[in-house]
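The structure under discussion appears below in the form of structure tokens.
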Amino acid sequence: MRRKIGIIATSLLLYLFVKELSSRYFVLNLSPSMEKGIYLLKEIDELKKGDVVVLNIPLNIKETLYSRGYLPKNIKTLLKEVVAVEGDCVEVVHNKIYINGEIKGDIAEVDPKGRELISFVKNGVLKSDEVFLLGRGKNSFDSRYFGAVEKSEILKKTILIKEF
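Residue numbers for the sequence shown follow full-length UniProt numbering, beginning at 1 and rising by one.
Structure representation (structure tokens):
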């Protein structure tokens, strides 16, 4: 009996250790908005276009994400690509998002279930504390809908180490 308790206790401690360690250094993405896989978390030295980042879910969209089932309530972060930084001009023209005059994607009026989508994008030049984020998937819920994000909301940069 003692041996069983020892094995269970050791297994539990090992599980908790691996869980804690993995959440500090890795993130698993199963969402179609970015490549599915395991991403290594890195400290942020600077943010530049092309960086893939993990961020807190912006407060202005949290309720929408959960109530519409875009994300399970246990998910607290998003994984997106930085596509515009300080000084870049972001504009919406005829439901298309432009960055420095180049089309970066469409802005849908409804989600895949026919529910209205509202865009919080403000036309203009990004400030020093802002970035604009897009997912790579067709129906990604990203800055096209929640607007520019403050850099302070970015938690880590990432590197895809294993794609599924």
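Virtual Cβ for every residue (Gly too), placed ideally from N, Cα, C. Because the structure is a prediction, the values reported are computed rather than measured.
Looking at residue j and residue i, is the spacing between their C-beta atoms short of 8 Å?
i, j, result
"residue 147", "residue 80", "no"
"residue 99", "residue 90", "yes"
"residue 149", "residue 41", "no"
"residue 126", "residue 85", "yes"
"residue 44", "residue 156", "yes"
"residue 83", "residue 104", "yes"
"residue 162", "residue 37", "yes"
"residue 145", "residue 119", "yes"
"residue 39", "residue 158", "yes"
"residue 172", "residue 151", "Outside the displayed span of the chain (1 to 164) sits residue 172, for which this structure offers no information."
"residue 106", "residue 68", "no"
For residue i, I'd like the list of residues in its chain whose CB is within less than 6 Å of its CB, leaving aside the five on either flank, ordered along the chain.
i, result
"residue 141", "70"
"residue 154", "53 and 55"
Which residues in the same chain as residue i place their Cβ atom closer than 8 Å to its Cβ, once the five residues preceding and following it in sequence are excluded?
i, result
"residue 109", "95, 116 and 117"
"residue 34", "52, 79, 80, 81, 135, 136, 137 and 140"
"residue 24", "41"
Is any beta-carbon of chain D found at less than 8 Å from that of residue i?
i, result
"residue 92", "Note that chain D does not occur in the displayed structure, where there is just one protein chain."
Near residue i, which residues of its chain fall below 7 Å by C-beta distance, leaving aside the five closest residues on each side in sequence?
i, result
"residue 164", "36 and 37"
"residue 30", "36"
"residue 77", "54, 55, 56, 57 and 155"
"residue 87", "125 and 126"
"residue 28", "38"
Every unbroken alpha helix (DSSP H) inside the UniProt domain "Peptidase S26" (12-159) [4 residues or more] | 59-67 and 143-146
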